[in-house]
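For the protein sequence lines, the chains are H and E, in the order given. The opening position of the first sequence corresponds to residue 0 in numbering that gives the first Met the number 0, with each subsequent residue numbered one higher. The opening position of the second sequence corresponds to residue 0 in numbering that gives the first Met the number 0, with each subsequent residue numbered one higher. Beta carbons: idealized from backbone N, C-alpha and C, even for Gly. Keep in mind that this is a model prediction, so the values were computed, not measured. Working notes for the structure below.
There are 2 protein chains.
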Amino acid sequence: MVVKRATIGDVAAQAGVSTATVSRVLNGGAVTEATAGRVWEAITRLEYTPNALTRSIFAGRSTTIGVIIRDLSSPFYLDLIRGIDEVAAAYGSPVMLANTFRRTDREVAQVRTMDEQRVRGLIVTTGETPDGRTRRMAEGGTPCVIVTRTVPDPPPGLHSVSLDNFAAGRLMATHLAGCGRSSVGVVTSGRRPSQIERTAGLRQGLAELGLPLPGTAVAVADSESEVSDAVGSLLALPLDAIVCVTGRLTVAIHAALTARGIAIPGDLAFLTMDDFPWAPALGITVVTQPAYEMGRKAAQLVVHHPGEPVQAVFEPALIARTSCGELSLRA
Amino acid sequence: MVVKRATIGDVAAQAGVSTATVSRVLNGGAVTEATAGRVWEAITRLEYTPNALTRSIFAGRSTTIGVIIRDLSSPFYLDLIRGIDEVAAAYGSPVMLANTFRRTDREVAQVRTMDEQRVRGLIVTTGETPDGRTRRMAEGGTPCVIVTRTVPDPPPGLHSVSLDNFAAGRLMATHLAGCGRSSVGVVTSGRRPSQIERTAGLRQGLAELGLPLPGTAVAVADSESEVSDAVGSLLALPLDAIVCVTGRLTVAIHAALTARGIAIPGDLAFLTMDDFPWAPALGITVVTQPAYEMGRKAAQLVVHHPGEPVQAVFEPALIARTSCGELSLRA
DNA sequence: CTAGTTGCTGAAACTAGTTACATCCTGGGG
DNA sequence: CCCCAGGATGTAACTAGTTTCAGCAACTAG
Chain H
0 MVVKRATIGD
10 VAAQAGVSTA
20 TVSRVLNGGA
30 VTEATAGRVW
40 EAITRLEYTP
50 NALTRSIFAG
60 RSTTIGVIIR
70 DLSSPFYLDL
80 IRGIDEVAAA
90 YGSPVMLANT
100 FRRTDREVAQ
110 VRTMDEQRVR
120 GLIVTTGETP
130 DGRTRRMAEG
140 GTPCVIVTRT
150 VPDPPPGLHS
160 VSLDNFAAGR
170 LMATHLAGCG
180 RSSVGVVTSG
190 RRPSQIERTA
200 GLRQGLAELG
210 LPLPGTAVAV
220 ADSESEVSDA
230 VGSLLALPLD
240 AIVCVTGRLT
250 VAIHAALTAR
260 GIAIPGDLAF
270 LTMDDFPWAP
280 ALGITVVTQP
290 AYEMGRKAAQ
300 LVVHHPGEPV
310 QAVFEPALIA
320 RTSCGELSLR
330 A
Chain E
0 MVVKRATIGD
10 VAAQAGVSTA
20 TVSRVLNGGA
30 VTEATAGRVW
40 EAITRLEYTP
50 NALTRSIFAG
60 RSTTIGVIIR
70 DLSSPFYLDL
80 IRGIDEVAAA
90 YGSPVMLANT
100 FRRTDREVAQ
110 VRTMDEQRVR
120 GLIVTTGETP
130 DGRTRRMAEG
140 GTPCVIVTRT
150 VPDPPPGLHS
160 VSLDNFAAGR
170 LMATHLAGCG
180 RSSVGVVTSG
190 RRPSQIERTA
200 GLRQGLAELG
210 LPLPGTAVAV
220 ADSESEVSDA
230 VGSLLALPLD
240 AIVCVTGRLT
250 VAIHAALTAR
260 GIAIPGDLAF
270 LTMDDFPWAP
280 ALGITVVTQP
290 AYEMGRKAAQ
300 LVVHHPGEPV
310 QAVFEPALIA
320 RTSCGELSLR
330 A
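Written out as structure tokens, the structure is:
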């Protein structure tokens, strides 16, 4: 049969004290050593584990940090979570993770769930929800951090952690030009602000070097299934480089390219976002975000809960490997 | 200033009813349509969000499912989590995720945290904790699922979801022999039961085909930093195949091999555990676990909470690519 | 020897809900 | 016209803790 769990009352009875005293032993109030000894003995004997939920209801909120991720399979998010997790663990905060599978309806439901759970703070990788709950939560005293986007006109408690996406695009432009490439094509989801900014940065960077990025050279693919068509449309153009502005589609684009017998960097340079464990083996040049650091920052914003809204912007970095060919010296 | 959050009492006052009635509206008791209307209106006006913590303390436990992962970076775990998450979402259960970073002390603390949070059930990828809390939790009515290990003499409520690791080893043996390889070396952590079983299965499979697997051909590496030495020691032997029995070290071993200029499969066949997104591009042959299905099963065991302990064993599958060379017909 | 201070402890109120039970009101049947 | 059934609603007890406040004992100072 299922053993009934011991409550603070059971411990108190065992030790011959009141529940108040047990609570004080647990939370560091003034208690005689002798009393504390008896209480600890009772706790051990009864295998008492305090109920964090009850604690939280009294405190008004739980110690848990909520994290909502759009797509767990993206390498960026994995490192982000590790960063969050590390800080959370250091502060004894459990992490509640939800994966939206890229569906907005699930996202709204998950933000609500986190609110119902009275999380200590919320980290979202999806922007504000359409119902505005994130904003209300922030105003209500639950620090919220939007990752990978900036927030227009944020109230106190609504922070953001993002990349300088425009700089990332320019970094790509400079590198490609430096490798002697002049006709660049892009694959983008076309919807997410971060990708739009990266594309804009790329266009600007290329323009400054006298290189064009016509609208026809920007192909839209939002999921793996659309990648093949997008790549196909780009290959109809006389390009010497393909850029992917989201790490999530790197595999699919690389596969589409090799499936068509394209040699990298022989036929085409290939440059993408977000470093990943196999990139060195494949020689793929990438622009990385400091994902781990961004995760740490996001968690710190939750834990330290600054009064003013913070907009933390991180700098991208390019890791040059072989997929764009040799850097020529003319740059 | 921070807005005070509305409670069920505020809603009741707004609607001119008692808290009991509000609770009934929320949880489906008998209420007049007119009353329900006023209550809903009050809920909307006050932006009332019920407190899941308080609900849980009355119910005796929360609806959250706890998941403790040893190492988030392993591809196996990512799919496992996706499977868990899918089932959890279908049942409206939030998922609380903890990453042990492969440290036993953190693991013990995290199991305790999950217990304190009164999780509905617990899924662990780390075996029972040294303090036996997992077992006590199971006996106390919190279903626990150990993933990737079987559990000796499990009490009701302590389930396991694992791979037939021995079969995975044999699968490797058959494939390598079929590709004409006869001198196999292994890299293993040497500690985890799953890896020991895979190695045993490999040895048995090879033995049945008349091939040896001497102790000297089994190199131990538990972390990325130890891989280079392990691979070095194997390369001193006259081998024609290297097997890795953990997906976590695939990148590191592959890197160590290519760093030494080893051609795959020319100089050496390479065979590893767990499929990953880049494996097709690299032509790496793998033995996979049905990670997604295993995650679903684990979550279902938590949700359905069968009385008797369940030991679910899944079958491995080999995905042949090019890293072991051509299948010759002599097999 | 008494008054004041200090430190430990317990009773009771509080957190935000749920639910058993009592009560009220209405409608139908005798 | 009265009684009873039955549904809607409220009261109060309950969940498992924390915290305030009051009491009491012991110790110190006058």
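Just mark E:Arg318 as buried or exposed, buried being the case when its beta carbon has 16 or more other beta carbons within 10 Å. Correcting the residue identity first, residue 318 of chain E is Ile in this sequence and not Arg. Exposed.
With DSSP run on the structure shown, which of helix, strand or coil describes H:Gly65? H:Gly65 falls in the strand class under three-state DSSP.
Proximity below 7 Å, CB of H:Arg180 to CB of H:Asp239: The criterion of a C-beta distance shorter than 7 Å is satisfied by H:Arg180 and H:Asp239.
Report yes if the C-beta distance between E:Thr124 and E:Val146 is below 7 Å; otherwise report no. yes
Residue-level contact to chain E via CB, H:Val146, 7 Å cutoff: no
Just tell me which of E:Val94, E:Leu210, E:Phe269 and E:Arg44 has its CA closest to the CA of E:Ile68. Answer by Cα proximity: E:Val94.
Considering only C-alpha positions, which residue in the set E:Asp78, E:Glu138, E:Asp130 and E:Arg37 is nearest to H:Thr43? Measuring from the Cα of H:Thr43, the nearest candidate turns out to be E:Asp130.
The segment 69 to 77 of chain E / the segment 135 to 144 of chain E touching (three or more Cβ pairs under 8 Å): no
Proximal chain H residues relative to E:Leu96, where beta-carbon distance stays under 7 Å: Val94 and Leu96
In the DSSP assignment, find the unbroken alpha helix (DSSP H) run with H:Leu300 in it and report its ends. Ala290 to His303
is_contact[H:Thr321, chain E] using C-beta, thresh 7 Å: False, the Cβ-Cβ gap to chain E never drops below 7 Å.
Given this structure, state the Cα-to-Cα distance separating H:Ile252 from H:Val226, to the nearest angstrom. 6 Å
Interface residues of the segment 64 to 82 of chain E facing chain H [CB-CB below 7 Å]: Going along the segment 64 to 82 of chain E in chain order, one finds Leu71, Ser72, Leu77, Ile80 and Arg81 with a Cβ nearer than 7 Å to chain H.
With a Cβ-Cβ cutoff of 7 Å, do E:Ala298 and E:Ala87 count as a contact? yes
Stretch pair the segment 195 to 208 of chain E + the segment 165 to 172 of chain E: three plus CB contacts closer than 8 Å: Touching, per the Cβ criterion.
Given that a residue counts as buried once 16 or more other Cβ atoms are within 10 Å of its Cβ, and exposed if not, what is H:Arg101? By the 10 Å Cβ count, H:Arg101 comes out exposed.
Between E:Val302 and the rest of its own chain, which residues show a CB-CB distance below 6 Å, the 5 nearest in sequence each way excluded? Tyr90
What's the C-alpha gap between E:Ala331 and E:Thr34? Since the displayed chain E opens at 0 and closes at 330, residue 331 of chain E lies outside it and no answer follows.
E:Asp274 versus E:Gly260, E:Glu292, E:Ala316 and E:His304, residue with shortest Cα-Cα distance: If we check each option's Cα against that of E:Asp274, E:Ala316 comes out closest.
Check whether chain E comes within 7 Å of H:Glu115, counting only Cβ atoms and requiring the distance to be less than that. yes
Beta-carbon contacts of E:Ala97 that lie in its chain and below 6 Å, excluding the five residues immediately before and after: Ile67 and Gln109
E:Asn50 burial status per 10 Å Cβ neighbour count (16 or more: buried): buried
Proximity below 7 Å, CB of H:Gly282 to CB of H:Thr249: no
Chain E partners of H:Ala51, CB-CB under 8 Å? Thr112, Glu115, Gln116 and Arg117
Contact with chain E by H:Trp39, beta-carbon distance below 7 Å: no
With DSSP as the reference, label H:Ala330 as helix, strand or coil. Confidence in H:Ala330 is poor, its pLDDT being 43 and thus under 50, which makes the residue's placement too unreliable to answer from.
If we count the other Cβ atoms within 10 Å of its Cβ and call it buried at 16 or more, is E:Ala5 buried or exposed? With 16 or more other Cβ atoms within 10 Å, it is buried.
In whole angstroms, what separates the C-alpha of E:Thr149 from that of E:Ser159? About 6 Å.
Identify whether E:Phe313 lies in helix, strand or coil by the three-state DSSP scheme. strand
With distances taken Cα to Cα, identify the nearest neighbour of E:Ala290 among E:Gly246, E:Asp9, E:Ala255 and E:Arg60. E:Gly246
In terms of residue numbering, what span does the beta strand (DSSP E) encompassing H:Gly184 cover? Its beta strand (DSSP E) spans residues Val183 to Thr187.
Tell me the DSSP secondary structure of H:Asn98 in three-state form. strand
Runs of alpha helix (DSSP H) lying entirely within the segment 77 to 156 of chain E, each at least 4 residues, in chain order: 103 to 115 and 132 to 138
E:Arg134 at chain H interface by Cβ criterion, 7 Å: no
What do you get for E:Arg295, buried or exposed, if any count of 16 or more other CB atoms within 10 angstroms of its CB means buried? buried
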